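Before any comments, here is the structure.
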Amino acid sequence: KNQVEQSPQSLIILEGKNCTLQCNYTVSPFSNLRWYKQDTGRGPVSLTIMTFSENTKSNGRYTATLDADTKQSSLHITASQLSDSASYICVVSKMNSGGYQKVTFGTGTKLQVIP
Amino acid sequence: EAQVTQNPRYLITVTGKKLTVTCSQNMNHEYMSWYRQDPGLGLRQIYYSMNVEVTDKGDVPEGYKVSRKEKRNFPLILESPSPNQTSLYFCASSPRTSGRYNEQFFGPGTRLTVL
Numbered sequence: 001k002n003q004v005e006q007s008p009q010s011l012i013i014l015e016g017k018n019c020t021l022q023c024n025y026t027v028s029p030f031s032n033l034r035w036y037k038q039d040t041g042r043g044p045v046s047l048t049i050m051t052f053s054e055n056t057k058s059n060g061r062y063t064a065t066l067d068a069d070t071k072q073s074s075l076h077i078t079a080s081q082l083s084d085s086a087s088y089i090c091v092v093s094k095m096n097s098g099g100y101q102k103v104t105f106g107t108g109t110k111l112q113v114i115p
Numbered sequence: 001e002a003q004v005t006q007n008p009r010y011l012i013t014v015t016g017k018k019l020t021v022t023c024s025q026n027m028n029h030e031y032m033s034w035y036r037q038d039p040g041l042g043l044r045q046i047y048y049s050m051n052v053e054v055t056d057k058g059d060v061p062e063g064y065k066v067s068r069k070e071k072r073n074f075p076l077i078l079e080s081p082s083p084n085q086t087s088l089y090f091c092a093s094s095p096r097t098s099g100r101y102n103e104q105f106f107g108p109g110t111r112l113t114v115l
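If you're matching them up, the sequences are chains A and B in order. Residue 84 in our numbering sits at position 84 of the first sequence; the count goes up by one each step and never skips. Residue 13 in our numbering sits at position 13 of the second sequence; the count goes up by one each step and never skips.
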């Protein structure tokens, strides 16, 4: 069964500190991996996307890494801000026949940044 | 502004009373999808549509119907809602999925409570 597992489930850090969120997946055949940020009560918004050949991608203070061999990804947040408080969702896509990309969502890591 | 809109945002109803949640996008996207989000389970796909008049079941389609008569609209219909359909619902759209970088754009969500 294709799965996406994230850890930790929740995390509390002090403002200004760094943190790393983990994502392990078994989805195959792999097409791409996205990290989404979901603020409370809102829809998810894409942060980064990586394909098989990419092992790191940055978006401001967010840096995602991908190890396609071990099927692991991480999202590193540098110098955290209060506005980083949100859930971070790892989403892995596989290519089905007909060009449709089947997506599998992780359950997310809930990050709280405190002053 | 490019966006996905959903209505209503909040709805409390009773068991068995038919309801429709509307979804509309102004980005001319071919692909649209409905998800439900429940604590600890992540986002799960209900139905998706590759284009007008083309719809298919996702992972949890039981108790739901959809239609895609126009490209911009993708309503979700609950013919006879039950309490286990109490959830947070998201509509999403994306351009044609032939590429590897398709991004899903999510609506703001509809919180449904079935008593």
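Glycine included, each C-beta is placed from N, C-alpha and C at the ideal position. Quick caveat, the model's predicted, so the values are computed rather than measured.
Q.
Against chain A, does B:Leu43 count as a neighbour if the rule is that its beta carbon must be under 8 angstroms from one of theirs?
A. yes
Q: Using a Cβ-Cβ cut-off of 8 angstroms, state whether A:Gly60 counts as contacting chain B.
A: no
Q: Can you check the segment 20-54 of chain A for any alpha helix (DSSP H) of at least 4 residues that lies completely inside it and give the ranges in chain order?
A: none
Q: If I'm right that B:Lys71 touches B:Val52 with Cβ under 8 angstroms, what's the distance once you round it to whole angstroms?
A: 5 angstroms
Q | Whole-angstrom distance between B:Leu11 and A:Thr40, CA atom to CA atom | A | 18 angstroms
Q | the segment 14-23 of chain B in contact with the segment 71-90 of chain A per 3-pair CB rule at 8 angstroms | A | no
Q) Is A:Leu82 helix, strand or coil by DSSP? A) helix
Q) Any C-beta of chain A sitting closer than 8 angstroms to the C-beta of B:Glu103? A) yes
Q | Outcome for A:Phe52 when other beta-carbon atoms lying within 10 angstroms are tallied against a minimum of 16 | A | exposed
Q. Is it true that the CB of A:Tyr36 sits closer than 8 angstroms to the CB of A:Ser46?
A. yes
Q: With 8 angstroms as the threshold, decide whether the Cβ of B:Pro61 is near any Cβ in chain A.
A: no
Q | Per-residue burial, A:Ser58 [other beta carbons within 10 Å of its own, 16 or more giving buried] | A | exposed
Q. For A:Arg61, which residues of its own chain have a beta-carbon under 7 angstroms away from its beta-carbon, when the five flanking residues on both sides are left out?
A. Ile77, Thr78, Ala79
Q) Can you tell me the Cα-Cα spacing of A:Ser118 and B:His29, whole angstroms? A) Lying outside 1 to 115, the shown extent of chain A, residue 118 of chain A is not represented and no answer is given.
Q | Cut-off 7 angstroms between Cβ atoms - residues of its own chain near B:Met50, not counting five sequence neighbours on either side | A | Glu30, Tyr31
**Q.** chain A contact residues for B:Pro8, given Cβ-Cβ distances below 9 angstroms
**A.** What B:Pro8 touches in chain A: nothing, since even the nearest Cβ is about 14 angstroms away.
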